[in-house]
Amino acid sequence: MLTASTILTPLQLLKCLNILIHHYMQEHGFVLVVGSYQINYPNMRFNLAEDFDITTNWHSTDPSVIIIDVKQLRTFLRIIHDEVEEPKFRSINSNVKMIIIGSTISAKNVNSLRLFGFQNTILLDQRGNISKLIVNKRMSSNFIDTQHAELHAVDGNIFEKLVVEDIFKNGELKDLNGLKLALCYPRRCVICHNGMEVQTFTFIFNHLNITAEQYVIQNENFLTCDIFFGYSNQNDVALLDFTIPYIYDTASWYVPTPKPLSKLLFFLRIFPPEIWFILIFCVLSISIVWFLVNLLLNQKQNRKSSLVEHILIIIFLFLEQSRRFQFNNSSVFVLTSVVIFMTFITNAIFKCKFLYHLIGEDFVQKINSFEDILRYEVPMIRNNFEIGRIFIPDGLSIDTQKCVTSLECLKYCSENENIALLSLDRTARHFWQVLNPNGVLNIRRLNPPFLSMKYAAAMRSGHPFLSVFNEYLRRIIEHGFLEKIIANYDSQAKYVEYSVAHVRLSLKHLIASFAMLGAGLLLSTIAAIWEICVLTFELC
Numbered sequence: 000m001l002t003a004s005t006i007l008t009p010l011q012l013l014k015c016l017n018i019l020i021h022h023y024m025q026e027h028g029f030v031l032v033v034g035s036y037q038i039n040y041p042n043m044r045f046n047l048a049e050d051f052d053i054t055t056n057w058h059s060t061d062p063s064v065i066i067i068d069v070k071q072l073r074t075f076l077r078i079i080h081d082e083v084e085e086p087k088f089r090s091i092n093s094n095v096k097m098i099i100i101g102s103t104i105s106a107k108n109v110n111s112l113r114l115f116g117f118q119n120t121i122l123l124d125q126r127g128n129i130s131k132l133i134v135n136k137r138m139s140s141n142f143i144d145t146q147h148a149e150l151h152a153v154d155g156n157i158f159e160k161l162v163v164e165d166i167f168k169n170g171e172l173k174d175l176n177g178l179k180l181a182l183c184y185p186r187r188c189v190i191c192h193n194g195m196e197v198q199t200f201t202f203i204f205n206h207l208n209i210t211a212e213q214y215v216i217q218n219e220n221f222l223t224c225d226i227f228f229g230y231s232n233q234n235d236v237a238l239l240d241f242t243i244p245y246i247y248d249t250a251s252w253y254v255p256t257p258k259p260l261s262k263l264l265f266f267l268r269i270f271p272p273e274i275w276f277i278l279i280f281c282v283l284s285i286s287i288v289w290f291l292v293n294l295l296l297n298q299k300q301n302r303k304s305s306l307v308e309h310i311l312i313i314i315f316l317f318l319e320q321s322r323r324f325q326f327n328n329s330s331v332f333v334l335t336s337v338v339i340f341m342t343f344i345t346n347a348i349f350k351c352k353f354l355y356h357l358i359g360e361d362f363v364q365k366i367n368s369f370e371d372i373l374r375y376e377v378p379m380i381r382n383n384f385e386i387g388r389i390f391i392p393d394g395l396s397i398d399t400q401k402c403v404t405s406l407e408c409l410k411y412c413s414e415n416e417n418i419a420l421l422s423l424d425r426t427a428r429h430f431w432q433v434l435n436p437n438g439v440l441n442i443r444r445l446n447p448p449f450l451s452m453k454y455a456a457a458m459r460s461g462h463p464f465l466s467v468f469n470e471y472l473r474r475i476i477e478h479g480f481l482e483k484i485i486a487n488y489d490s491q492a493k494y495v496e497y498s499v500a501h502v503r504l505s506l507k508h509l510i511a512s513f514a515m516l517g518a519g520l521l522l523s524t525i526a527a528i529w530e531i532c533v534l535t536f537e538l539c
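For the sequence shown, numbering that gives the first Met the number 0 assigns the number 0 to the initial residue and increments by one for each residue that follows.
As structure tokens, then:
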């Protein structure tokens, strides 16, 4: 119990503010901080999914709570006095809650707060005393001695005294002393028996002197359990009541890390298959037209060129080999110019892509978003227990028969090429070391997260201790104990985002060139041996 003689540390003062904000602020409320009071704002626990931004533009939205240093109160009231005619200000007077930090407040400021319509004003001094200002319309100037008189927080004439309780109640509750409760989780919930869910309630049990017995539920017989883990409070189960949500998480799509292509065949993938088809069609069609033009217009030539020769000429031009042309008419000149221009453009594009693929890594199939999953019709799987059907958008079919536990689903995803797994991000981080014993990245997460999840413990309907656990869950959330439990759980494994690192040019990047050179030397050697054998046979 905090008393008036207790000097609060900054951390204890933050805890007091957290309790006030938690009880006086709406779920989507806005906090306005005025003055230079030093508060480590990100460390304040609001029991909300998102943090709030500190801003002094208090007209931008309707604040639910105003935290103000008492030294800045007169300046703040003067600003209000100058802008009192604005309709925006009048709309927030009746709803705003003001928390004033300090030990004393002048009577003039008390009267000003009453005149400006702040009906819910709380004074928090640095000793931990919380006082609620009672605004009485019958208060007259005679009731307050002078405008400079100071009213202390413990003055019962003006303030209704409230006291901040300690985080946990002193002593043990007699009705819970030595009680045994059954903690249940299904066999599919791999992490529940030692994860943050059980650790959270174990933390509460230690302060209530409750013994917990853990059971693995083979079937969903909820009536044998006092507390059932692994369910979201958004699940529709008639036999269960849910505690307040105390674990927030996101679910993302996980796909196997794409396998790098072999350097021996990567030059074939510089162009997509459809472009290769178009190029082959163009070469054949142009060669035929070119051959027919030369055949019809150059009939007087003794040497007749063949269709294969025209195809080879286009290939030589593509490979930047020199070639001499003789033009006897303008039509052949125009056609030859078109062929040279086409091969030049194609060669320039091919060389740029060739250089990029030679140094970098190329992969089988790149899936970088949920839209790619739908575009390529990649099979989708999920753990039905971890992410229930209630979270899945309508019209999206996801298989639940491929795996049972979270670990099995992640392993299945890492061992298959064309698969997409919807998994909780915290679960994937936890099993990262199991999936990657050698540090090899087998799966990768797609951004942004697909779903936002909030999880709560379930208790059978009408359980007498539901309100007790809800109260203690609020306390450990408000004072940061749950965040420490989650941080300890998350630190057990390290998740590394997938990325392709830049590497130095090495022999493996040139293996394709050397392989082609070796294959060419081998073929030329075989051809030379064949020609020598033929010549030897003819001479004999």
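For glycine and all other residues, C-beta sits at the position ideal for the given N, C-alpha and C. Owing to the predicted nature of the structure, the values given are computational and were not obtained by experimental measurement.
Rounded to whole angstroms, the gap between the alpha carbons of R443 and S368 is 11 Å.
The DSSP assignment places complete alpha helix (DSSP H) segments of no fewer than 4 residues inside the segment 445 to 477 at 465 to 477, in order along the chain. Ranked by Cα distance from Y245, the options F464, P463, N446, A456 are led by A456. It is roughly 12 Å from the alpha-carbon of A427 to the alpha-carbon of N382. Assigned with DSSP and collapsed to three states, Y375 falls in coil, not helix or strand. For W252, the beta-bridge partners assigned by DSSP are L421. With respect to V338, I310 sits apart: the two C-beta atoms are not nearer than 8 Å. L409 sits away from T242, with the two beta carbons spaced by 8 Å or more.
About 5 Å separates the beta carbons of D248 and L423, which is inside the 8 Å limit, making them a contact pair.
A contact between stretches requires three or more CB pairs, one per stretch, nearer than 8 Å, and the segment 281 to 291 fails this requirement with the segment 443 to 453. For T199, there is no enclosing beta strand (DSSP E); the residue is part of the alpha helix (DSSP H) that begins and ends at 195 to 207.
Distances from the CA of L445 to each of S251, T74, R77, I100 were compared; the closest alpha carbon is that of S251. Its chain contains L306, H309 as the residues whose beta carbon lies nearer than 6 Å to that of F290, once the 5 sequence neighbours on both sides are disregarded; these appear in chain order. Per DSSP, V307 is one residue of the alpha helix (DSSP H) stretching across 306 to 317. Residue pairing by DSSP places C412 opposite no residue, since no beta bridge is assigned to it.
A straight-line Cα-Cα distance of about 26 Å links S466 and A486. Note: L114 is not bridge-paired with any residue in the DSSP secondary-structure output. The beta carbon of F204 is closer than 6 Å to those of A211 in its chain, skipping five residues each way along the sequence. Nearest to Y454 by alpha-carbon distance, out of E196, I476, P271, is E196. Distance between I344 and N293, taken at the CA atoms: about 24 Å.
Going by DSSP, F241 is part of the beta strand (DSSP E) stretching over 239 to 241. Take the alpha-carbon of I279 and the one of P272: they are about 11 Å apart. G194 sits buried, since 16 or more C-beta atoms from the chains shown fall within 10 Å of its C-beta. Within the DSSP bridge table, the entry for A181 names E212 as partners.
Counting the other Cβ atoms within 10 Å of the Cβ of I525 gives fewer than 16, which makes it exposed. The alpha carbon of N110 has as its nearest neighbour, out of I100, T201, L72, the alpha carbon of L72. When DSSP reads this structure, R428 sits in no beta bridge, so it has no partner. Between the alpha carbons of N208 and S460 lies a gap of roughly 23 Å. Look at T535 here: in three-state DSSP terms it is helix. Taking C-alpha positions only, P378 is separated from I475 by approximately 41 Å.
Counting of Cβ neighbours within 10 angstroms places N417 among the exposed residues, the total staying below 16.
For the 8 Å CB-CB criterion, I98 and V69 do not form a contact. Contact check for L182 against Q213 passes: the beta carbons are separated by less than 8 Å.
In summary, E477 is buried, with 16 or more beta-carbon neighbours lying within 10 Å of its beta-carbon over all protein chains present. Bridge pairing for T120: M97 [DSSP].
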